[in-house]
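One structure below.
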Amino acid sequence: MFRSIEFINMRLLKIILGITAVGIPGFFGIKEIIADPVYFMELFLGGLTRGSIYALIALGYTMVYGIIQLINFAHGEIYMIGAMTALIVASVLGLWGWNSAVIAILAFVFAIVYSCAYGFTVEKIAYKPLRNAPRLSALISAIGMSLFLQNYVMLAQTPNFLPFESLIPDFEFWEPFAHIITAVEMTIIVTTVITMILLGILIKFTKIGKAMRATAQDKVMASLVGINVNNVISTTFVVGSATAAIGGVLIACHVGQINFFIGFLAGLKAFIAAVLGGIGSVPGAVLGSLVLGISESLFTGYFWSEYEDVFAFTILVIILIFRPSGILGKHEISKV
Amino acid sequence: MVTKKEIKQSFFIALWFMVLTFPIMVIKVNTIKHIILFRWENFVWVGVIGFFASLIWNYFLRLKEQKKKSDNGDDIPLVHRLLQNERVRIPFLAAIAVFFLAYPFVFPMYHTSIMISALVYVMLGLGLNIVVGLAGLLDLGYVAFYAVGAYAYALLNLHFGISFWIVLPVSAVLGFICGTLLGYPVLRLRGDYLAIVTLGFGEIIRIILENWDEFSNGPRGIPNVPAPSFFGYQFGQHGSVIYIYFIVIALVLLTIFFVSRLENSKIGRAWIALRDDEIACQAMGIDKFKTKLTAFALGATWASIAGVVFAAKTSFVNPMSFTIWESITILCVVVIGGMGSAIGVIAGALVLILLPEYLRAVSEYRMLVFGALQVIVMVFKPEGLIQSVRKKYKFEKLKD
Amino acid sequence: MKAIFKTVALALLTMAVFAVPSFAGDTIKIGIGGVISGDLAPYGISSVRGAEIAVEDINAKGGILGKQVELLIGDDVCKAEIAVNMAIKLVSDGAQMIVGHVCSSCTIAANKIYKDAGLIVVSPASTNDDLTLKGEHPNFFRTISYDGAQADLMTSFAKNTLKAKKVALLHDKGDYGKGQMDLARKYFEKLGGVEIVLFEGVTTGAVDFSAIVQKVKRSKADLTMWGGYHSDASKILSLLKKKRVKTTFFGGDGIYGSEFVALAGKYGEGVYATGPNDTSNNPLFKATTAKHQKKYNEDPGTFFMSAYAAVQSLAAAAEKAGSLDFDKMKAALISNKVETPLGKIGFDKRGDVIGAGFSVYQVSDGKYVQVN
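What follows is the structure in C-alpha cells.
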C-alpha cells in the first residue's frame with residue numbers, strides 16, 4: 001500500500017509543486033510588476049539587502065558545516081559578540097573623544113579579532129573533545145554553548161536593548177534612489193559580495209583552502225597526507241567567526257540596536273538559508289540567502305507579512321523536494 | 001598529580017580568558033547615558049576561576065582519555081547492571097514504585113506539579129527517542145505534534161465540551177495522522193536537511209496557530225481548559241494536581257511498555273538497522289520509506305498524547321508554549337539522557353526539567369549554569385547519562 | 001525481604017531529606033511572578049525591582065501589621081505552563097499576597113492557582129481586558145489601566161486630534177501587541193470615518209523590516225499605529241524615516257518610556273505614544289526614582305512604578321483590613337485610596353485601577369511630552 005502511494009508521490013507531487021511554484025508567482029508577478037514597477041523594485045532591493053544580511057551569517061555556518069558536519073548553533077552568538085564588542089569599543093573610544101573614522105576602523109578590527117578568539121575558544125572547549133562522538137552530542141554541546149554565551153553577555157552587560165550608532169557615515173543618494181536604498185544597505189550588499197569572493201579565493205587558491213577542502217572530503221585521508229586537521233578546523237572556525245563579526249557590526253549599524261538575544265533568530269534564518277543553498281557550499285550559502293531574502297520580501301509586499309516565515313519554509317520544502325541537497329549542494333552518493 | 005607543565009598551561013589559559021572576556025566582563029557601557037564603568041574586580045575573578053577551571057577540566061579530560069584506553073568497551077551503566085541482576089532487580093523496581101506512589105503525598109504540591117511537567121517530558125522524550133534514537137531521523141519540529149494534542153483538547157473541549165478521556169485516544173489518532181501527513185513529503189531527505197524541514201513544519205504550525213484567530217484564538221490563547229474528571233467528579237485544585245500526576249504516571253508506564261515492546265519487535269529492529277546503515281538495510285529487504293514513516297508517525301502519537309496532558313495541567317494553551325526552543329529541549333532530553341535508551345531518556349527528562357527548577361537558588365545564573373552543564377555532560381559523557389545497551393547474545397557452554 | 005525493607009527505608013529517608021519543611025514564619029510573604037529571563041526580561045526585572053524597593057521602604061517603616069515583609073521571586077519566562085508551576089511554588093512557599101505577573105497569558109493561567117488559594121493578586125503589567133471585564137477573576141486587581149481604555153484613547157485621539165483618514169495597523173503577533181491592535185480596529189470601526197488600509201503582523205526580532213515599510217508607503221496611510229514593544233517599533237520607525245514615508249507613528253504603552261526614545265534616537269522625534277499619566281512631579285515618584293538610581297545606577301524601567309504601587313496598595317489594604325483575610329482585604333482594596341508614585345490610586349469593583357489612566361505623549365527634543 002505504502003509503495004504504491006510512494007510511486008504516485010514521486011511524480012505527482014513534483015509536477016503539482018512545480019506548477020504551483022512557478023505558475024502562481026509567475027502569474028501574479030507579471031501582473032503586479034506591470035501595475036507598479038517601482039514598488040516591485042523597492043521590494044526586490046529590500047529583499048536583496050535582507051538576503052545579504054542572512055548571507056553574512058550563513059557563510060560562517062556553511063564553512064563550519066562543510067568541514068565537520070556540525071550545525072554550529074553558537075554561531076549566532078559569535079555574531080552577537082562581534083556586534084557587542086564593536087559597541088563597547090566604539091563607546092569607550094567615543095567618550096575619549098577620538099576621531100570617528102578611527103573609531104569605526106578600530107571597532108571593526110576589535111570586533112573581528114574578538115569574534116575570532118571566541119570562535120576559536122568555543123571550538124576548543126565544546127567541539128574538539130567531541131570530534132569522535134556521535135554527531136548529535138556535538139549539536140547539543142553547541143546548543144549549550146549558545147545558551148551559555150547568551151546568558152554570559154546578558155549578565156555581564158545588560159538585558160536591555162542598547163542603541164547602536166551607525167559606524168558608517170550616512171550619506172545620501174540622489175532622489176530617485178535615496179528612499180529605496182540607504183548607505184548602510186549598500187555597504188551590506190557590497191561587503192557580502194566582497195566577502196564571498198575573498199572566501200572563494202581563500203578556498204580555491206590558497207594552501208590552507210586546499211587543506212580545508214581535503215579535510216572536508218576525508219579527515220583521515222587528509223591527516224595521512226600530512227595536513228594538520230586540528231589546525232585546519234581551528235582556521236575554519238576563525239574565518240567563519242570573522243565573517244560573522246563583519247555581519248554583526250554591519251547589521252547592528254543597519255538595525256541601530258543590539259541586545260544579547262539577536263544571535264538566535266538571525267542565526268536560525270541564516271542556517272535555513274545555508275541549507276537552502278546547499279550546506280557546505282560557499283556560493284550556495286549566498287544564493288540561498290538571496291533566494292530566501294527576496295522571496296520573503298516579495299511575499300510580505302504582495303501578500304501577508306504574518307505568514308512570511310511560513311512562506312519561507314514552504315519554499316525550503318519545495319526546493320528540497322526537487323533538489324534534496326539544496327540548490328548548489330552536491331548530491332551525496334552513499335556507500336556501504 | 002598536577003605537574004608543573006600543567007600549571008604553566010593553566011596559567012596561560014587563564015591569561016587567555018582574561019583577555020578574551022575583557023571587553024564584556026570588565027567594561028560596562030551605557031550608551032543611553034554615556035557612562036562607562038570599569039569593573040576591574042571581574043578581571044581578577046576571571047583569571048582565578050579560569051586557572052582552576054582549566055586545571056580541573058584538563059584533569060578530567062585526561063581521565064576520560066585514560067579510561068577510553070584501558071576500557072575495552074564493556075562499560076555497562078549502573079542502572080542496567082542493577083536491572084540485569086536478578087537479586088537486586090525486584091527490590092530496585094519496588095523502591096522506585098514506592099517512591100513515585102508516595103511522592104505526591106510526601107512532598108508539597110509544587111514538587112508534584114513540576115514532577116508532572118518532568119513526566120510529560122519523559123513521554124515526549126520517549127516519543128522522540130523512537131524517531132531520533134531508534135530510527136536515526138533528526139526531527140527538530142517535534143513540538144508541532146505536541147501542539148496538535150494540546151490544541152485538540154482545548155478546541156474540542158471549547159466547542160463541543162468533549163472530555164479529557166475521550167480526547168486522549170482521539171488525539172493519539174490525530175497525532176498519528178499528522179505525523180504521517182507531515183512525514184510523507186519530507187522523509188526522503190537525509191540528515192540535516194530533514195532536520196531543517198521538520199523545524200520548518202514546527203514553526204509553520206506555530207505561526208498558523210498564532211495568526212488564525214478564528215480557529216485558535218491567536219496569541220491570546222484558550223483559557224479555562226478543564227482538568228480531567230474522575231467518572232464525572234471534578235477534583236479541587238490540590239486534588240486534581242495529584243490526580244493528573246497519577247494519570248501521567250500511568251501514561252508514562254504505558255509508554256515505556258509500548259516503546260520497549262516496539263524496540264524488540266520486527267519494526268523496532270528495522271529502525272535500528274536503518275539508523276546504522278540505510279543501504280545494507282534496504283538490501284535486506286526492509287521497506288525504507290514505510291519504516292521511517294512508521295517511526296515518525298508513532299513518535300507524533302506520543303507527542304500528541306503528551307500535549308493533551310499538558311493542556312489539562314496548565315489549563316491554558318497559547319502558541320508561546322510551542323516554540324522551536326521546546327523542540328530543542330526535547331532533543332536535549334533524548335541526547336543528554338542517552339540516545340536509544342529508554343532509561344536514559346527518563347533520566348534525561350528528570351534531570352533536564354527538574355534541574356532548572358532546583359537551580360532557582362542561583363536564580364539569575366540559572367540558564368548560564370544550565371548551558372554550561374549541557375556542554376560539560378556532552379564533553380565528558382558524549383553517549384549520554386545512561387547509555388543504551390544493545391542486546392547481546394552470548395554463546396555459553398552448557399554446564400553439565 | 002530484608003533487601004526490600006532496606007530499599008524502602010532508604011527511599012523514605014531520601015524523601016524526608018528532600019521534603020522542605022514549611023514553617024510558619026513571623027514575616028508576611030509577598031510573592032512576585034514575572035519574566036526575569038529571556039528576551040522580555042527587562043519588563044519583569046523592572047517590576048521586581050519596583051517590588052523590592054517598595055518592600056524595603058515598607059520594612060523601614062515597620063512592615064505590615066507589625067510584621068516584616070519578605071519577597072518571594074518567581075520567574076515565569078512568559079510561558080503559561082511555567083507560570084502555573086511558579087504559582088504553585090509561591091503558594092506552597094507561603095506567599096500571602098501576589099504581585100504579578102507581567103505577561104497577561106501567564107496571569108490568566110496562574111490566577112487559577114491563586115484564586116483557589118484565596119490570594120489577592122495585583123498585577124503591575126497585565127493589561128488584557130478579559131482579566132477584569134469578564135468577572136472570572138474576583139481576586140485580581142491591577143495598577144495599570146486595561147487595553148480597552150487605552151485603545152479607546154488612542155483611536156479617538158487619532159481621529160479627533162490627528163485627523164487621521166487612512167490608518168495602517170501593525171503589530172508583533174504577540175499576545176499584547178496583537179490584542180491592542182485588534183481592539184484599535186474594533187474602536188475605529190465603532191468611531192467610523194477612518195479607513196484601515198493595512199492590518200499586518202511582523203516577526204519580532206527580525207533583522208529587516210523594509211518590506212513592511214514599503215507596504216505602509218504603498219498604502220498611503222497617514223497614520224501608522226503600532227502594537228508591540230519598543231525594540232521592533234524603533235526599527236520600523238527608523239526605516240520609515242529613512243525611506244521617507246510620510247506617516248505619523250503612534251504606539252501604545254509598549255513604546256512609552258526613555259528606552260524607546262534612546263533607541264529611536266533622532267528618528268523618534270514627533271512620535272506619539274500613550275502611556276500612564278505623567279506623575280514625574282509627584283514627590284514620591286522622585287524619591288523612588290532616586291532610590292533606584294542609587295541602587296542600580298540607572299533609570300527605573302517600564303513597570304517599576306506600577307509594581308511599587310502594587311506593593312503599596314497591598315500593604316495599605318492589609319493595614320486597613322487589619323488582617324490578611326481575603327474578603328476584608330478585597331473590600332479594603334476597593335474602598336481604600338493610596339498615595340503612590342502614580343498618584344492617588346484606588347480600584348473599582350472589577351479590579352481596575354482608578355486614578356492612574358493613560359495620556360497621550362509626543363516625543364520632542366528627546367523626551368515624551370504630554371499633548372492631550
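Protein chains in written order, with my numbering: chain A, 1 to 336; chain B, 1 to 400; chain C, 1 to 372.
Glycine included, every Cβ here is placed at the ideal spot set by N, Cα and C.
Backbone CA spacing between residue i and residue j [nearest angstrom]
{"i": "residue 87 of chain C", "j": "residue 111 of chain C", "result": "8 angstroms"}
{"i": "residue 317 of chain A", "j": "residue 197 of chain A", "result": "29 angstroms"}
{"i": "residue 154 of chain B", "j": "residue 365 of chain C", "result": "50 angstroms"}
{"i": "residue 228 of chain A", "j": "residue 271 of chain A", "result": "28 angstroms"}
{"i": "residue 128 of chain C", "j": "residue 54 of chain A", "result": "36 angstroms"}
{"i": "residue 74 of chain C", "j": "residue 104 of chain C", "result": "16 angstroms"}
{"i": "residue 249 of chain C", "j": "residue 202 of chain C", "result": "16 angstroms"}
{"i": "residue 347 of chain C", "j": "residue 332 of chain C", "result": "10 angstroms"}
{"i": "residue 168 of chain C", "j": "residue 220 of chain C", "result": "9 angstroms"}
{"i": "residue 188 of chain A", "j": "residue 196 of chain C", "result": "35 angstroms"}
{"i": "residue 20 of chain B", "j": "residue 354 of chain B", "result": "33 angstroms"}
{"i": "residue 30 of chain C", "j": "residue 323 of chain C", "result": "14 angstroms"}
{"i": "residue 251 of chain C", "j": "residue 185 of chain C", "result": "14 angstroms"}
Pick from the options that is closest to residue i, judged by C-alpha positions
{"i": "residue 314 of chain A", "options": "B/201, B/135, B/282 and B/226", "result": "B/201"}
{"i": "residue 108 of chain A", "options": "A/88, A/96, A/206 and A/118", "result": "A/88"}
{"i": "residue 299 of chain B", "options": "B/68, B/122 and B/28", "result": "B/122"}
{"i": "residue 314 of chain C", "options": "C/37, C/69 and C/149", "result": "C/69"}
{"i": "residue 14 of chain B", "options": "B/37, B/46 and B/5", "result": "B/46"}
{"i": "residue 170 of chain B", "options": "B/231, B/152 and B/185", "result": "B/152"}
{"i": "residue 304 of chain A", "options": "C/120, C/173, C/82 and C/318", "result": "C/173"}
{"i": "residue 379 of chain C", "options": "C/165, C/308, C/340 and C/270", "result": "The requested residue 379 of chain C does not occur in the structure, where chain C is confined to residues 1 to 372."}
{"i": "residue 263 of chain C", "options": "C/65, C/132 and C/230", "result": "C/230"}
{"i": "residue 359 of chain C", "options": "C/328, C/254, C/227 and C/153", "result": "C/153"}
{"i": "residue 22 of chain B", "options": "A/34, A/23, A/111 and A/31", "result": "A/111"}
C-beta atoms of residue i and residue j nearer than 9 angstroms
{"i": "residue 256 of chain A", "j": "residue 234 of chain C", "result": "yes"}
{"i": "residue 199 of chain C", "j": "residue 239 of chain C", "result": "no"}
{"i": "residue 355 of chain C", "j": "residue 337 of chain C", "result": "yes"}
{"i": "residue 91 of chain C", "j": "residue 113 of chain C", "result": "yes"}
{"i": "residue 221 of chain B", "j": "residue 175 of chain C", "result": "yes"}
{"i": "residue 84 of chain C", "j": "residue 109 of chain C", "result": "yes"}
{"i": "residue 193 of chain B", "j": "residue 324 of chain A", "result": "yes"}
{"i": "residue 299 of chain C", "j": "residue 368 of chain C", "result": "no"}
{"i": "residue 181 of chain C", "j": "residue 170 of chain C", "result": "yes"}
{"i": "residue 50 of chain C", "j": "residue 307 of chain C", "result": "yes"}
Decide yes or no for the touch test of the stretch 121–134 of chain A against the stretch 99–109 of chain A: beta carbon pairs closer than 8 angstroms, at least 3 of them. no
The stretch 273–291 of chain A / the stretch 51–68 of chain A touching (three or more Cβ pairs under 8 angstroms): Taking one beta carbon from each stretch, the stretch 273–291 of chain A and the stretch 51–68 of chain A have 3 or more pairs nearer than 8 angstroms; the two touch.
Which ranges does the beta strand (DSSP E) cover as unbroken runs of at least 3 residues, wholly within the stretch 224–299 of chain A, from first to last along the chain? Scanning the stretch 224–299 of chain A for uninterrupted beta strand (DSSP E) segments of 3 residues or longer gives nothing; none is fully contained.
For the 8 angstroms Cβ check, are there 3 or more pairs between the stretch 100–111 of chain B and the stretch 328–347 of chain B? no
Could you say if the stretch 136–143 of chain C and the stretch 95–115 of chain C meet the contact criterion of at least three C-beta pairs nearer than 8 angstroms? yes
Touching by the beta-carbon criterion (3+ pairs, under 8 angstroms), the stretch 213–230 of chain B and the stretch 324–333 of chain B: With contact defined as three or more Cβ pairs closer than 8 angstroms, the stretch 213–230 of chain B and the stretch 324–333 of chain B are not in contact.
So, does the stretch 132–139 of chain B touch the stretch 306–320 of chain B, judging by three or more C-beta pairs under 8 angstroms? no
In chain order, what are the residue ranges of uninterrupted alpha helix (DSSP H) at least 4 long that sit wholly in the stretch 84–151 of chain B? 86–106 and 109–128
Just list the alpha helix (DSSP H) runs in the stretch 152–182 of chain B, keeping only unbroken ones of 4 residues or longer that don't cross its boundaries, in chain order. none
Mind the definition here: the stretch 99–106 of chain B touches the stretch 305–313 of chain B only if three or more C-beta pairs lie below 8 angstroms; say whether that holds. no
Are there three or more Cβ pairs, one per stretch, closer than 8 angstroms when the stretch 149–163 of chain B is compared with the stretch 275–295 of chain B? no
Would you call the stretch 200–212 of chain A and the stretch 72–85 of chain A touching, i.e. three or more CB-CB distances under 8 angstroms? no
Can you list the alpha helix (DSSP H) stretches of 4 or more residues lying completely in the stretch 305–366 of chain B, in chain order? 324–337 and 342–358
Going along the chain, which unbroken runs of the beta strand (DSSP E) with 3 or more residues stay wholly within the stretch 62–137 of chain C? 68–75, 97–100 and 120–123
Below 8 angstroms, how does it come out for the stretch 257–267 of chain A and the stretch 36–49 of chain A: are there three or more Cβ pairs, yes or no? The way I'd put it, the stretch 257–267 of chain A doesn't touch the stretch 36–49 of chain A; fewer than three beta-carbon pairs between them come closer than 8 angstroms.
Please give the ranges of any alpha helix (DSSP H) in the stretch 295–337 of chain C, keeping only runs that are unbroken, at least 4 residues long and fully inside the region. 304–321 and 326–335
Spell out a yes or no on whether the stretch 223–238 of chain B and the stretch 162–169 of chain B are touching, meaning 3 or more CB-CB pairs, one atom from each, closer than 8 angstroms. yes
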